[in-house]
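For reference, each letter of the sequence shown is one residue, going 90 to 358 in this note's numbering. For every residue, glycine included, the Cβ atom is placed at its ideal position computed from N, Cα and C. To start, the structure under review is shown below, and the notes come after it.
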Amino acid sequence: WLPVLIFVLILVIFSVATGGALLTKTNLLNIFNQSVPTILAGMGMLFVAAMGGTDITTGVVVALAGCFGLMGAEASGNSFVFIMISVLIGIGSGLLLGYVNAKRKVNSFMASLALMIAYRAIVNLIMSNSAYYLPDNLYVLDGTAFKAVALVIMIVVIIYIWKFTRFGNYVRGIGENEVAMKFAGVNVDKVKIAAFVVSGLMAAIAGIFTVVRLGGTSNTMGSGFEMKVMMALYIAGVPVRGGEGSKVYKLLFGAPAIIMLENGLVLCG
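Below, the structure is given as structure tokens:
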């Protein structure tokens with residue numbers, strides 16, 4: 090109940106503090122629009138957090154996917170190349186980070202920190218003298234109904250993977266006791282790499298919705314986003330060391346809570 094109580098507490102406090110401005114239709118829609126990428130990226134990061142790992146490349150993967158995706162769409166003249174390239178970049182980033190962590194035994198925080206700095210440098214280099222804008226026919230993805238349906242589908246898929254597949258069980262098991270999972274015959278390295286791939290993929294999907302919302306990309310896009318996603322997880326009670334305490338429903342309350350906290354503080358001046 091802790092995530093629910095925190096959510097309700099923040100809602101009540103800022104509803105009163107803002108004189109009801111928090112609950113206007115326009116502002117609620119704004120909170121929803123900001124929550125969608127946070128929930129999507131958070132569901133991916135949850136797989137890493139459940140193992141007791143860290144992935145702080147989420148924000149820069151959003152920028153990297155948006156940057157190369159729009160470059161590809163502009164060069165090819167095909168709008169949907171943007172989506173394909175973005176997804177491939179997310180998967181590639183997850184594979185690289187997972188390999189460095191699982192196979193080369195580099196701490197996930199240090200590995201993701203190094204990659205975050207490198208990726209941001211690439212984005213800054215590419216975007217220093219260029220601007221890329223979303224093709225007009227992709228603005229349909231910014232519709233509230235489309236985002237709501239897409240979000241529900243992704244939540245259902247992630248919950249199924251999380252609760253009803255061996256992969257989901259293995260991820261939580263590694264967070265509880267990695268050594269025990271090895272002795273149980275689980276290929277821990279393979280599971281770790283797969284978890285980082287899921288994190289990278291979901292970050293890229295969050296990046297697609299972020300680019301669609303902004304109408305283009307810039308070298309500052311995604312800055313600090315990884316911290317927002319991590320706060321959404323931890324404010325809702327997802328344990329830092331992972332394990333069975335990691336739950337998808339916690340994120341579904343934590344993400345709107347952190348967005349509402351930021352939004353409420355702005356409305357309060």
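query                                                                                                                             : result
Arginine 330 burial status per 10 Å Cβ neighbour count (16 or more: buried)                                                       : exposed
Rounded C-alpha distance that separates asparagine 308 from alanine 269                                                           : 43 Å
Helix, strand or coil at threonine 306 [DSSP, three-state]                                                                        : strand
Cβ neighbour criterion (16 or more within 10 Å) applied to alanine 344                                                            : buried
Residues sharing a beta bridge with tyrosine 367, DSSP                                                                            : Past the edges of the chain, shown from 90 to 358, lies residue 367, and the structure says nothing about it.
Host alpha helix (DSSP H) of tryptophan 251 (start-end)                                                                           : 233-253
The stretch 335-354 / the stretch 165-172 touching (three or more Cβ pairs under 8 Å)                                             : no
Start-to-end residues for the alpha helix (DSSP H) that takes in threonine 127                                                    : 114-139
Own chain residues within Cβ distance below 7 Å of alanine 191, not counting five before or after                                 : Asp278, Lys281, Ile282
For valine 212, the nearest candidate out of Pro328, Val151, Thr127, Met320 (CA to CA)                                            : Val151
Contact check, methionine 359 vs isoleucine 120, beta carbons under 8 Å                                                           : A query on residue 359 cannot be resolved here, the shown segment of the chain reaching from 90 to 358 and no further.
Test item: CB-CB of alanine 325 and phenylalanine 342 under 8 Å                                                                   : yes
Chain-order list of residues whose beta-carbon lies under 6 Å from that of proline 328 (same chain, five-residue window excluded) : Gly334
Element boundaries [alpha helix (DSSP H), containing valine 105]                                                                  : 91-106
Contact the stretch 242-257 vs the stretch 129-139: 3+ CB pairs below 8 Å                                                         : yes
Assigned secondary structure, valine 260 (DSSP; H/G/I helix, E/B strand, else coil)                                               : helix
CA-to-CA distance, arginine 209 to lysine 114, given in whole angstroms                                                           : 36 Å
C-alpha distance - glycine 108 paired with threonine 143, whole-angstrom precision                                                : 38 Å
Range of the contiguous alpha helix (DSSP H) that encloses lysine 271                                                             : 267-272
Three-state class that DSSP yields for alanine 325 in the structure shown                                                         : coil
C-alpha gap between glycine 305 and isoleucine 294, whole angstroms                                                               : 15 Å
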